[in-house]
Amino acid sequence: MNDVTPSARNFDAVQFLSKYAAPLFLILLILVFATLEPRFLHPLNLFNVLRQVSLSGLIAIGMTFVILTAGIDLSVGSLLAFAGLVAAYVSKGGLDDRFAIGASAASGNPLIFAVLAAIAVGMAGGALQGLAITKLKVPPFVVTLGGLTAFRGAALLFSGGGPISGFGPDYTWWGQGRIGMVPVPVIIFLLAAIIAHLVLRYTAFGKHVYATGGNARAAALNGVPTGRIILLVYVISGFLCGLSAFLLSARLNSSEAVAGLGLELTVIAAVVIGGTSLFGGIGSIFGTVVGALLIGVLTNGLVLLNVSSFVQQIVIGVILVAAVALDQYAATQRQAQ
Amino acid sequence: MKSFRSKLLIPGIVAASMLGALGTAQAQDVTIASSMPALEFPFFVHMQKALAAEAANIGGISLIETDGQNQTTKQTADVESAIILGVDGIIISPSDAVAMAPALQQAVDAGVPVVTIDRRVEGVPGILAHVGADNVIGGEAQAKLIMELFPDGASIVNLQGQPGASPAIDRNKGVHNILDSMSDKYVFVAEQTANFAREQGASVTEAILAGLDSTPDVIVAANDDMALGALQVVQEQGLNIAILGFDALPEALGSVRDGGLAATIEQFPGGQSSMALNTLIGYLRDGATPEKLILLNPIAITKDNIDQAERLGEID
């Protein structure tokens, strides 16, 4: 390292930054928080952060597929609320004892039905939007903006506005339980991330997702079934919404119609901080996991340091823009050389 | 590697000093975490400020203030962080009675005493105490004031809150508890929901007044917003009706002072805050075991006793 010329070293730094801006910033944040508040590194706290990240992180994985095709899914928070209520309804076998918690919480239907119901609602919601985008040629932003309103309305209508609470221990284990020290949602999140990574990197479908987002027309000319790819990414997004909805209701022992308000913004922020381009074709699951962790670590660390919650929101907003600006700067530098 | 390290360290130190300046770092003997469901609502900001003021008043308390940002998941994360920080106690107004139970159970299991204010949590038996106001008694206070203002009887329009919401049910129950036993003197000529909303308070009042043969004596509303909406209509039509609100919001207090609303109900949210803090501190410092349920007595605020209202200072 000592004998390289200054210009060569600058070149290296820019390359390094362009590729690893988000992970570097994550490491920096962890160092800062660990220095200022040693309890940040307490294993229990780290697993808390991971569990908090898991639920929005799962949805961010689905969002990555969507954004890679140059789409967007604004409906995720509403779909999460709706799917969670359906899971709760199925688990309790109706609305008759919707508030019963504790010993009387014994479920009406087996757990697997509740899980499948949440996932089915998520996938159906995703498919519906995917069809509207591909068949009716309505832009994704508009379709999923409609979904954001409509699924929230469906959730409120379905539940009459109130929560559905109190599940059996086999249900809540999925949100509250641990295997060893590791919370169950964290394991599911990591498994989902690994599978998604493999799918995107090593399957024809994954290559088609990148191709569709990179240049849809060229991809179609090269025989990529872009319509089917676009439909599928919204189904994947819906599937992960449903899964996350189940885990969230298990974590809180309750499903509520107001769950996931504004979640789409957190999720999109995680994907974008992770380096996925909103114009499609560029990005990775690794980046999204890092982006989700970055937001989770930042929120947790600022609370541990007792920073005013109003200031927290400003800090997160500034970092979102700064992370992308850095990424852009590094990219243009790289192109210039 | 050396240059890489220093590149990391410099922004690290800058960020560290920035964050240090933002946080509070006093040497205190008791650390309390407060958790409000949503500081975007002035009601909770008021509770939070009262808590901070009382903490400064008692002394030796380091207060960690968190904001659930109207999301149960955020408030859960706040409680988890408080446990990690090893706080001596938590004062919380839960965003949801059931969904906040797992996190608060974690706190109780970790040996952190928890006091709930304003809203309760269900299914966590280890909660140290709940401090709140009884909405039924608040409704009864409205009814008693009506009897005081109209000893010979009155015709009453009742603007109810959002159907199904517990404050709406309890406040309505309180009004009826007192007046139903004297139904020959006090007659409810109309009872409608206006969903706690000001514009509906106005439109529902308009509809009711149009349908009544004679002007009612009283409009009793389950919150200030509906009362202020009704007042708008009553003033437009130049009628003389006593209007009673509920919550003692600054705007309603201003209206009471200026002769608009006849009264509003004060539930002392700030008083709940300081009561909760004193309860927790008493337990931590003196080992005093508190009552499980501490309810503050709501009172009717009229022009005569407006100086008793908590938020009078917020109006000029």
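Residue numbers (our numbering), protein chains in the order written: chain P, 22 to 358; chain F, 12 to 327. Even for Gly, the Cβ is constructed at its ideal location relative to N, Cα and C.
- Query: If you measure from the beta carbon of R249 (chain P) to each beta carbon in chain F, is any gap under 7 Å?
  - Reply: The beta carbon of R249 (chain P) sits no closer than 7 Å to any beta carbon of chain F.
- Mapping DSSP to helix, strand and coil, what is V56 (chain F)? Here V56 (chain F) sits in helix by DSSP.
- Below 6 Å CB to CB, which residues in the same chain sit around S75 (chain P) once its five sequence neighbours on both sides are set aside? Correct list, in chain order: P206, V207, F210.
- Message: Under DSSP, the beta strand (DSSP E) around V229 (chain F) begins and ends at which residues?
- Response: Start and end: 229 to 232.
- Task: Step through the CB atoms of chain F and report whether any lies within less than 7 Å of the CB of R199 (chain P).
- Result: Chain F contact via Cβ: absent.
- Message: Tell me the residue span of the alpha helix (DSSP H) that contains E285 (chain P).
- Response: That run of the alpha helix (DSSP H) goes 284 to 294.
- Query: Looking only at C-alpha atoms, which of F:Q246, F:T77, F:G282, F:I103 sits nearest to T320 (chain P)?
  - Reply: The shortest CA-to-CA distance from T320 (chain P) to any of F:Q246, F:T77, F:G282, F:I103 is the one to F:T77.
- Item | Environment of R238 (chain P) [buried if 16+ CB atoms lie within 10 Å] | With fewer than 16 other Cβ atoms within 10 Å, it is exposed.
- Message: Quick check: is the beta carbon of H229 (chain P) nearer than 7 Å to any beta carbon in chain F?
- Response: So, not an interface residue.
- Does DSSP put L79 (chain P) in a helix, in a strand, or in coil? Correct three-state label for L79 (chain P): helix.
- Given a limit of 8 Å on CB to CB distance, which residues of the stretch 47 to 61 of chain F reach chain P? Shown in chain order are the members of the stretch 47 to 61 of chain F whose Cβ falls below 8 Å from a Cβ of chain P: L50.
- Task: List the residues of chain F that L166 (chain P) touches, going by C-beta distances under 9 Å, in chain order.
- Result: Among the residues of chain F, none has a CB under 9 Å from the CB of L166 (chain P); the nearest is roughly 21 Å distant.
- Task: Taking G175 (chain F) as the query, report the chain B residues whose CB atoms sit under 8 Å from its CB, ordered along the chain.
- Result: Structure shown: chain B not included; protein chains present are P and F.
- Starting from the C-beta of G182 (chain P), find all residues in its chain whose C-beta is less than 7 Å away, skip the five residues before and the five after it, and write them out in chain order. Cβ neighbours of G182 (chain P) beyond the five flanking positions: A278.
- Task: With DSSP collapsed to three states, give me the class of G150 (chain F).
- Result: Helix, per DSSP.
- Message: Between Q354 (chain P) and chain F, is the shortest Cβ-Cβ distance under 7 Å, so that the two count as touching?
- Response: Using beta-carbon distances, Q354 (chain P) does not count as an interface residue toward chain F, since no partner is under 7 Å.
- Could you tell me whether the Cβ of S284 (chain F) comes closer than 7 Å to any Cβ of chain P? With a threshold of 7 Å between beta carbons, S284 (chain F) makes no contact with chain P.
- Count the other C-beta atoms from every protein chain shown that fall within 10 angstroms of the C-beta of T90 (chain P), then say buried if there are 16 or more, exposed otherwise. Buried is the call here.
- Answer yes or no: does any C-beta atom of chain F fall closer than 7 Å to that of A124 (chain P)? Annotation note: pLDDT 48 at A124 (chain P) (below 50); position unreliable, coordinate value reported separately. The beta carbon of A124 (chain P) sits no closer than 7 Å to any beta carbon of chain F.
- Task: Quick one: residues in its chain with C-beta nearer than 6 Å to the C-beta of A32 (chain F), no 5 flanking neighbours on either side, listed in chain order?
- Result: Because A32 (chain F) sits at a pLDDT of 42, beneath the cut-off of 50, its placement in the model cannot be relied upon, and the following sentence gives the value as read from the coordinates. Contacts found: none.
- Could you tell me which chain F residues have their CB closer than 7 Å to the CB of S275 (chain P), listed as they occur along the chain? By Cβ distance, chain F contributes D107, V109, A110.
- Message: According to DSSP, is N130 (chain P) part of a helix, a strand, or is it coil?
- Response: N130 (chain P) falls in the coil class under three-state DSSP.
- Task: For R60 (chain P), name the three-state secondary structure that DSSP assigns.
- Result: Note: R60 (chain P) maps to helix in three-state DSSP.
- Query: What did DSSP end up calling P204 (chain P) once you bin it into helix, strand or coil?
  - Reply: Correct three-state label for P204 (chain P): strand.
- Task: Please classify S359 (chain P): is it buried, with 16 or more other beta-carbons within 10 angstroms of its beta-carbon, or exposed?
- Result: What the structure shows of chain P is the stretch from 22 to 358, and residue 359 (chain P) is not part of that stretch, so it cannot be assessed.
- Task: Quick one: list the residues of chain P neighbouring E91 (chain F), beta-carbon separation under 7 Å, in chain order.
- Result: Near E91 (chain F) (Cβ distances below 7 Å), the residues of chain P are N69.
- Query: Where I167 (chain F) and S194 (chain F) are concerned, what is the direct C-alpha to C-alpha distance, given to the nearest angstrom?
  - Reply: Computed Cα separation, rounded: 11 Å.
- Task: List the residues of chain F whose Cβ lies closer than 9 Å to the Cβ of S305 (chain P), in chain order.
- Result: In chain order: nothing, as chain F lies at least about 23 Å away.
- Message: Is it buried or exposed, K85 (chain F), if we count other Cβ atoms within 10 angstroms and call 16 or more buried?
- Response: Counting of Cβ neighbours within 10 angstroms places K85 (chain F) among the buried residues, the total reaching 16 or more.
- Task: Measure from the C-beta of P136 (chain F) to each C-beta in chain P and report whether the shortest distance is under 7 Å.
- Result: Chain P, which has no Cβ nearer than 7 Å to the Cβ of P136 (chain F), makes this no.
- Query: Between which two residues does the beta strand (DSSP E) carrying A44 (chain F) extend?
  - Reply: First-last of the beta strand (DSSP E) with A44 (chain F): 41 to 47.
- With A175 (chain P) as the anchor, note down where its beta strand (DSSP E) starts and where it stops. Unbroken run through A175 (chain P) is the alpha helix (DSSP H), 161 to 180; no beta strand (DSSP E).
- State the DSSP-derived secondary structure class of A344 (chain P), mapped to helix, strand or coil. Residue state, collapsed to three classes: helix.
- Query: Using a C-beta to C-beta distance shorter than 7 Å, which residues of chain P count as neighbours of N81 (chain F)?
  - Reply: Correct list: L282.
- Helix, strand or coil: which one does DSSP assign to S275 (chain P)? The answer is strand: DSSP assigns S275 (chain P) an E or B state.
- Item | Contact belief for I138 (chain F) with V119 (chain F) at Cβ below 8 Å, rounded distance in angstroms | Under the criterion of beta carbons closer than 8 Å, I138 (chain F) and V119 (chain F) qualify as touching, at roughly 7 Å.
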